[in-house]
Amino acid sequence: MTAEAAPTLMRVRAMLTQEVIVLLTSIALFVAFSLALDNFLSAANMITLVRNVAVLGVLSVGMAIVVIGRGVDLSLIAVMAVSITASIVLATRGMDFVSALLVGLAFVVAVAAAMGFLIAYVEIPAIFATLAVGAIVYGLGRGVIADLDVNNVPSGLDWFLFLGRGSLLGIPMPIWIFLLTALAAYLFLRKTGLGRFVYAIGDNISTARITGIPVRPVIIMQYVLSGLMAFLAGAVTAASVASMNMRVVNSTMIYDVLLVVILGGIGLSGGRGGIRNVLVGTVLIGLLLNGMTIMDIPYTVQNLIKSTVLLGALVADAILNPRDEQTSQQGDI
Amino acid sequence: MHARKILAAAAAVGMLALGSAGAEEGMVDELRQPTLDALKGKTVVFVPMSMSFDLPEGWAAVMRKEADRLGYTLDIRDANWSTDTGTRAITQVITEKPDILIVQNFDVASYARSLKRAVDAGIKVIQVNMKSSYQTDAFVGADWYGIGQYAAQRMIEKCGKSTGKSGKIALIQGPATAAASVYQLNAISETLKDSDEIEVVSSQTGDWDQSKARGIAQTVIQQNPDLCGIIGFWDVMDAGTGAAIAESGKDIYLITSGGGNKTACQGVENGTFDEVISYDVPGQGRDLNNAIKILLQSPAAAGELKFALYTPNKIISKETMTQDSCWDLDLLKG
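Here the protein sequences come in this chain order: A and B.
The C-terminal residue of the first sequence carries number 332 in numbering that gives the first Met the number 0, and the numbering is unbroken.
The C-terminal residue of the second sequence carries number 333 in numbering that gives the first Met the number 0, and the numbering is unbroken.
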């Protein structure tokens, strides 16, 4: 290696962040699918592609806020499924649907605040606290709130179903909701003091505390925000299929959410990344799902391909961005 | 003349009186008491996939009533959507040695070994609706082959190229190894293999989840604008398939199958489904009760008697739907 080549390589390495790698992977897939598959490159298919990962995207925005603050929220899916189920069950029993939704929302805020309290004040590691709370919430849903795990939205609520099935200016509502959520989260994280606090806490909690940031309340707020995203994602899901299925709690969805966040380049060590990473990660998952469905690849093979691509991106990141002193001391999570 | 009539009437009345006097003693039904004795005090354990959806809830409600009436116990051990939990439950049941074990399999393989061990331990095993590859004393449940065959036939009639349609259909299956998927898929490919009327453009698994089914259906419809029909493998999941069809605004013929819960009839009524092939859960409940009674009365050892009670299919469409086409879980439980 010559003396001049070394800095160039360094510069290439610095440019090739995980986000860029994933973006390049996405572009490669996009080009390959466009060449190989008829109709792939149509505007309608692009809309379908994004629409099918919109819920995943909203959940990932919630997860991203928590992960940037050096936490993790494994209760997202349980909170999403159970809160909306509670609203649906109340509405089926005769409550006005708007009030029922407000009760569901209040449930989410209460659960998230309690969970945030456990993490911020009792100092239980986020991974255990959210796992336990998720299990409790799911147990409540299955044991107390509803007898069946699929509950149908009562008929005659067309305004609600519009959130999942309607479109505005030719773009389906779930995409609008995803984009607006992402925009709001972006503005919050980048333009408000509170948002900067989240980064500061994620980067170095001790420094943040010494600087005078109200660390514990901000941590609680992170979890409330991710809970609200879960509720919103649940509302969109329920509106799309006119029902909520609590079985999703047992599915691999929470890992998909984590993958979007980590793959997009938001490090689990906190303080890094932003909403742009979520968008990139979501698009990659959307591309994979859409392309493989069009190619009619069997489900098990799809999982294999998905995992391999994800592993490839992580390996590329590990090679190009070696662990530094800080991560090796703190660990990734 | 008049007197003779009165006499005849009196004779007739006398005969009647005599007859009823004989009936007061009646005859002893030699079979009844031994039958009741064979059932009383026995134990039946049911391991469903999860007590949280219409099928096992319905079966359990029907079985519970008969168990209470005839004095045997029905225990439910919930597998809660996990083959591990289910396998543990079956292992536990084997040590308890009940008279009958009823199992709803997640797939054709997971429980096979445990079921064999149960039979070897002398427990008679009934499999309900979702078969394992290992055959036990009895199978009670949907005729997946028949369902697939019917659905494929209907697709030929509705979407076949000779009807002037595109002939393109899609399948939305359950998990790839579930009995409902493998046997139905086999029937569909057997039925369609000798005809060039129908082209299956997509065969994906919706994993029993409506959101997943919705996503797949939307992508497939988008990709095949002239798609004519979809065969879905479970009505609860296919609420999502129907939502995608409605969102596309296209006229796509959707046939699905399910236990015939009232949501199936509502789906047909509001146009989500064109046809639901119902395997009538209350009827299956009665079949289950009969299988329990046969096995408890039979002197045969566990695993000796091997029989199946396939549920007759009931087609629910706008044309065939009546007031009692579907059932209501709350009424069934009451």
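A virtual CB, placed ideally from N, CA and C, is assigned to each residue, including glycine.
If you're wondering where the values come from, they're calculated on a predicted model, not measured in any experiment.
CA-CA distance, B/Arg63 to A/Ser33, rounds to 57 Å. Excluding the 5 residues flanking it on each side, B/Val139 has same chain C-beta neighbours closer than 7 Å at Ile125, Val127, Gln283, Asp286, Leu287, Ala290, Leu308, in chain order. One finds nothing in chain A with a Cβ atom closer than 9 Å to the Cβ of B/Gly159; even the nearest lies about 21 Å away. Here the alpha carbons of A/Gly138 and A/Met45 stand approximately 38 Å from one another. The stretch 79-120 of chain A is shown to contain no whole beta strand (DSSP E) run of 3 or more residues. Contact check for B/Ile229 against B/Thr240 passes: the beta carbons are separated by less than 7 Å. Residue pairing by DSSP places B/Val199 opposite B/Ile168 in a beta bridge. 7 Å or more divides the Cβ of A/Val136 from the Cβ of A/Val71.
Shown here, A/Tyr222 sits in a helix according to DSSP, grouped into three states. Around the Cβ of A/Ser82, a 10 Å sphere holds 16 or more other Cβ atoms; the residue is buried.
Under a criterion of Cβ atoms nearer than 8 Å, the residues of chain B adjacent to A/Ser242 are, in order, Gln209, Ala238.
Inter-residue distance for B/Gly257 and B/Tyr278 is about 6 Å (C-alpha atoms, whole angstroms).
CA-to-CA, the gap between A/Val19 and B/Trp233 works out to about 42 Å. Within the model, the alpha-carbon separation for B/Ala169 versus A/Leu278 is close to 31 Å. Taking 7 Å as the cut-off, the beta carbon of A/Val88 is found closer than this to the beta carbon of A/Asn150. Taking 8 Å as the cut-off between beta carbons, the residues of the stretch 283-296 of chain A near chain B are Leu288, Asn289, Thr292, Ile293, Asp295, in sequence order.
Here the C-alpha atom of B/Arg116 lies approximately 9 Å from the C-alpha atom of B/Ile89. Residues of chain B with a Cβ closer than 7 Å to the Cβ of A/Arg189 do not exist; the shortest Cβ-Cβ separation is about 31 Å. Taking a cut-off of 8 Å on C-beta distances, the stretch 153-171 of chain A does not touch the stretch 62-79 of chain B, as fewer than three cross pairs fall below it. When DSSP states are grouped into helix, strand and coil, B/Glu23 belongs to the helix group. Residue-level contact check: A/Arg92 does not touch chain B, since none of the beta carbons of chain B fall below 7 Å from its beta carbon. Identification of residues in the stretch 233-259 of chain A having a C-beta nearer than 8 Å to some C-beta of chain B yields Thr236, Ser239, Val240, Ala241, Ser242, Asn244, Met245, Arg246, Val247, Asn249, Ser250, given in sequence order.
Separation of B/Gln91 and B/Arg112 (C-alpha to C-alpha, rounded to the nearest whole angstrom) is 14 Å.
Scanning chain B for C-beta atoms nearer than 9 Å to the C-beta of A/Arg271 yields nothing, as the closest lies near 31 Å away. With 16 or more other CB atoms across the displayed protein chains lying within 10 angstroms of its CB, B/Leu294 is buried. Between B/Ser51 and chain A, the shortest Cβ-Cβ separation is below 7 Å. The alpha carbon of A/Val132 has as its nearest neighbour, out of A/Arg189, A/Gly155, A/Leu73, the alpha carbon of A/Leu73.
By the Cβ-count criterion, B/Arg76 is buried, with 16 or more other Cβ atoms from all chains shown falling within 10 Å of its own Cβ. Apart from the 5 residues on each side of it in sequence, A/Tyr120 sits with its Cβ closer than 7 Å to the Cβ of Arg215 in its chain, given in chain order.
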